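Per this note's numbering, the sequence shown runs over residues 72 to 255.
What follows is a single structure, written as structure tokens, with notes after it.
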Amino acid sequence: MVCRLFECLDVPVYYADSRAKWLTNHDPGIREKVTALLGPEAYAEGFYNTKYVASRVFDNEPLLKELNAIIHPVVMRDTKSWVAQNEGIPYVLKEAAIMGKAGEANAVDYVVVVEAPVDLRIQRILQRDNRTEQEIRAIIERQVSDEHRREIGDYFVQNDDDSELIPQVLHLHDTFRNAGSSRN
Ligand SMILES: CC(C)(COP(=O)(O)OP(=O)(O)OC[C@H]1O[C@@H](n2cnc3c(N)ncnc32)[C@H](O)[C@@H]1O)[C@@H](O)C(=O)NCCC(=O)NCCS
Ligand SMILES: Nc1ncnc2c1ncn2[C@@H]1O[C@H](COP(=O)(O)OP(=O)(O)OP(=O)(O)O)[C@@H](O)[C@H]1O
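Structure below.
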């Protein structure tokens, strides 16, 4: 949601989740390794079978780690070439579910953490996705904690029901535009 607001300001956004899915379908190296890890059902009818893969990995930490180790290096390379394609633009954004501190193996200058209370997040996902509360909680469990996000974030956006999003986005837009021009 926050990234869509930045897009309204003409800021290019790399959506890691959806791009990772595209690469998982189209990169032959990933396809081979994911099939070896999860079996041919991972590509039922020729396409990445996210329902099946989610049912295997979201409650199995070691397996999710192995899947990440196949997909993430390719996403990192792909992000790098996308950034190069956007050269000359003051700044770009990468939207990702999993992220480390800026500069730690991720090539970002700053990390923006979007925060919302966990119960509200669950309500929103129940409305958006065809998932049970138990499945949603399993996904959250496999991600880093809110405390960890607080530690790695350079900027924070409150996306609860009380805070207005647009002013927060405009403020960050100003900050990043200025940071970009001082670097160039
Ligand atoms: C497991 C998969 C098949 C599930 O697909 P599905 O369409 O059902 O769910 P979706 O992608 O929308 O993810 C659901 C939620 O889990 C989060 N999530 C996705 N991948 C991961 C992960 N590796 N670790 C923790 N959370 C994740 C998403 O941000 C989202 O909040 C898919 O997410 C996947 O292939 N993930 C592994 C690759 C990955 O890490 N992608 C994230 C960006 S690099
Ligand atoms: N401020 C808001 N007010 C109302 N609904 C919101 C708000 N922010 C997000 N939502 C809704 O909550 C759902 C989740 O939001 P969003 O897709 O931005 O989160 P996300 O963290 O990227 O989710 P995921 O990683 O699971 O894809 C969406 O359906 C979105 O429309």
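Every residue gets a Cβ at the ideal spot worked out from N, C-alpha and C, and that includes glycine.
Only a predicted model underlies this, so the values are computations on that prediction, with no experimental measurement involved.
Local conformation of residue i per DSSP, three classes
i              : result
tyrosine 85    : strand
glutamate 186  : strand
asparagine 120 : coil
alanine 115    : helix
aspartate 180  : coil
asparagine 255 : Annotation note: pLDDT 44 at asparagine 255 (below 50); position unreliable, no value reported.
tryptophan 93  : helix
Nearest to residue i (by Cα), restricted to the options the options
i             : options                           : result
glutamine 205 : Val82, Ser126 and Asp233          : Ser126
threonine 95  : Phe77, Cys74 and Asp149           : Asp149
proline 320   : Ala167, Arg75 and Val84           : This structure gives no information on residue 320, because the portion of the chain shown stretches from 72 to 255.
alanine 209   : Thr121, Asp130 and Thr106         : Asp130
leucine 76    : Asn201, Val228, Ile211 and Ile196 : Val228
valine 105    : Val128, Trp153, Val189 and Leu138 : Leu138
leucine 236   : Ala187, Lys172, Gly171 and Tyr123 : Ala187
alanine 168   : Arg195, Tyr86, Glu78 and Thr121   : Tyr86
aspartate 225 : Gly159, His242, Lys172 and Leu109 : Lys172
lysine 122    : Arg202, Cys79 and Arg90           : Arg202
valine 73     : Arg248, Asp81, Asn230 and Gly100  : Asn230
proline 133   : Asp98, Leu80 and Leu109           : Leu109
valine 145    : Asn177, Gln194 and Asp245         : Asn177
Residue range of the unbroken alpha helix (DSSP H) whose run includes residue i
i           : result
leucine 109 : 99–109
leucine 76  : 73–79
- Query: At what residue ranges does the segment 129–173 contain a whole run of the alpha helix (DSSP H), taking only runs of 4 or more?
  - Reply: Correct list: 132–156.
- What runs of the beta strand (DSSP E), each 3 residues or longer, lie entirely inside the segment 199–243? 226–229
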